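Data first, discussion second: the structure below is written as structure tokens.
There are 2 protein chains.
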Amino acid sequence: MATPPRARRSDAQRNRDRLLEVARTVFEEQGAQASLRDIARRAEVGLGTLYRHFPTRDALLDSLLGRHFDALAAQAADLAAAHPPREALTTWLRAFAAQAAAYQDLSAALMDTINDETSPLHASCSAMRGAGARLLRDAQDAGDVRPDVDGLELFALVNAVAWITGHSPAVAARRDHLLDLVLDGLAAPSSRR
Amino acid sequence: MATPPRARRSDAQRNRDRLLEVARTVFEEQGAQASLRDIARRAEVGLGTLYRHFPTRDALLDSLLGRHFDALAAQAADLAAAHPPREALTTWLRAFAAQAAAYQDLSAALMDTINDETSPLHASCSAMRGAGARLLRDAQDAGDVRPDVDGLELFALVNAVAWITGHSPAVAARRDHLLDLVLDGLAAPSSRR
DNA sequence: TAATAAGCGGAGCGGTGCTCCGTATGTCAA
DNA sequence: TTGACATACGGAGCACCGCTCCGCTTATTA
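As they're listed, the protein sequences go chains A and B.
No gaps in the numbering here: position 47 of the first sequence is 47 in full-length UniProt numbering, and each next residue is one more.
No gaps in the numbering here: position 110 of the second sequence is 110 in full-length UniProt numbering, and each next residue is one more.
Next up, the structure:
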């Protein structure tokens, strides 16, 4: 994640903080596609001010989520050390899915960063993806997960589930179940419960 | 699907046909979120004309896809009669996924119709969903598919896969594999190959 | 306290979805 | 063939969007 550049003037720092605070609640209310103008308005700040602090929507998302993603990457290592591979993987994926469901349509933004290295989200997100891929490989080496899946596919599937739950209240209520179905399906046949 | 109201004036009919033709190619090029203004322009027709013929984007999509969805619903019955439940289900789901991938982001539109009975797509889509749910139940009764899945969840999962493949070329190349992973995961443990 | 770098804010551009209504034209009866 | 009229056309206009640009304000520092 990008280092937060401490502003040189106190009002700039104050505005930045306000924007982040407002952006968080607006994104929670309306999803990751919310109007940036609206965020600026509610932060009682000019639109230019918003764009100066956060040149792109991704930059704003990164400032809000970057440290969570970094934490997820770190957690992957912890889980790998403390739990059997299969358990580590599923626990981690659940945590990731919960994070990806923070704002509606965030999954779309995350998927798009895969192909766009210029996005600030790309860095924090790809580091996290790497961590997940490592957990996957461990579980596959242990024979717990079918070998014909790779990190990209896993990331895509979990994001797909996170995304779909944002498009229907009825489906949202079953997010955990849908995730279970997918994860269960990835289990190696020999290890299937 | 809504009955196609034969226009009373020949120019109206001509414009309607032009719009549908152009809309099909534009949606294929740019996805289901393409600019309606752009469609009107390329059809060399006023924007008002487009909106008179198709009051909403969903109405336009329905006119383009409705009969395909009706055909899918019909195909479900044929498959149920001619094939074992499991095979009927997977064959049908593949056909549906192919259709759902026709235009990028179409899956989002389809998911949204679930909660919006006023959408023209709702009718043709829910009929089709019913047909799929019936195939699912057959397969479950035969013990081929795990019993703790319902039609809504199945629809959501397949749409999720269709959607995600539209958000990354790398993922798009593996659409069939992702679908296999999900369908395989839904197999009843006892019947797993 | 005055100079100045730093930051602010919103007008403006080109785009979107969608509505509304004055105008044009296809159709059909005379 | 020629009107008269229902039908359909087309785009101006409204409110919104993302994003840029630049004249003005203000916090900071000497």
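Every residue gets a Cβ at the ideal spot worked out from N, C-alpha and C, and that includes glycine.
Given the structure is predicted, the values throughout are model-derived calculations rather than measurements.
Cβ of residue i less than 8 Å from any chain B Cβ?
| i | result |
| --- | --- |
| R174 of chain A | yes |
| D144 of chain A | no |
| H122 of chain A | no |
| W163 of chain A | yes |
| I114 of chain A | yes |
| E21 of chain A | no |
| D184 of chain A | yes |
| H53 of chain A | no |
| V171 of chain A | yes |
| L178 of chain A | yes |
| L89 of chain A | no |
| L65 of chain A | no |
| L181 of chain A | yes |
Helix, strand or coil for residue i per DSSP?
| i | result |
| --- | --- |
| residue 207 of chain B | The requested residue 207 of chain B is not part of the displayed model; chain B covers only 1 to 193. |
| A187 of chain A | strand |
| A76 of chain A | helix |
| A101 of chain B | coil |
| E21 of chain A | helix |
| G130 of chain A | helix |
| H122 of chain A | helix |
| A81 of chain A | helix |
| D11 of chain B | helix |
| D138 of chain B | helix |
| residue 200 of chain B | Outside the displayed range of chain B (1 to 193) lies residue 200 of chain B, so it cannot be described from this structure. |
| R94 of chain A | helix |
| R86 of chain A | helix |
| D144 of chain A | coil |
Would a check of beta-carbon distances place residue i closer than 8 Å to chain A?
| i | result |
| --- | --- |
| H167 of chain B | yes |
| E117 of chain B | no |
| G151 of chain B | no |
| M128 of chain B | no |
| A108 of chain B | yes |
| Q160 of chain B | Correcting the residue type first, residue 160 of chain B is Ala in the shown sequence and not Gln. Yes, its Cβ sits closer than 8 Å to a Cβ of chain A. |
| A156 of chain B | yes |
Hey, residue i and residue j: beta-carbon distance below 8 Å or not?
| i | j | result |
| --- | --- | --- |
| L135 of chain B | V161 of chain B | no |
| Q104 of chain B | A32 of chain B | yes |
| L93 of chain A | L181 of chain A | no |
| D150 of chain A | P85 of chain A | no |
| N115 of chain A | S190 of chain B | no |
| L152 of chain A | V171 of chain B | yes |
| A188 of chain B | D144 of chain B | yes |
| D70 of chain A | P120 of chain A | no |
| L79 of chain B | L20 of chain B | no |
| L110 of chain A | A95 of chain A | no |
Ordered along the chain, which non-local residues of its own chain (more than five positions away) have a Cβ less than 7 Å from that of residue i?
| i | result |
| --- | --- |
| L106 of chain B | A32 and A100 |
| L186 of chain A | V145, R146 and V149 |
Can you list, in chain order, the residues of its chain with a C-beta nearer than 8 Å to that of residue i? Leave out the 5 residues immediately preceding and following it.
| i | result |
| --- | --- |
| G46 of chain A | A40 |
| A97 of chain B | V158, V161, A162, R175 and L179 |
Give every residue of the same chain whose Cβ lies closer than 6 Å to the Cβ of residue i, excluding the five residues on either side of it in the sequence, and list them in chain order.
| i | result |
| --- | --- |
| T49 of chain A | N15 |
For this session: Run through the region 147 to 181 of chain A for me and flag every whole alpha helix (DSSP H) of 4 or more residues, listed as ranges in chain order.
Result: If you keep only unbroken alpha helix (DSSP H) runs of at least 4 residues inside the region 147 to 181 of chain A, you get 151 to 164 and 169 to 172.
For this session: Report the residue ranges of all alpha helix (DSSP H) runs contained in full by the UniProt domain "HTH tetR-type" (13 to 72) of chain A; include only those spanning at least 4 residues, in chain order.
Result: Runs of alpha helix (DSSP H) with 4 or more residues, each lying fully within the UniProt domain "HTH tetR-type" (13 to 72) of chain A, are found at 36 to 42 and 47 to 53, listed in chain order.
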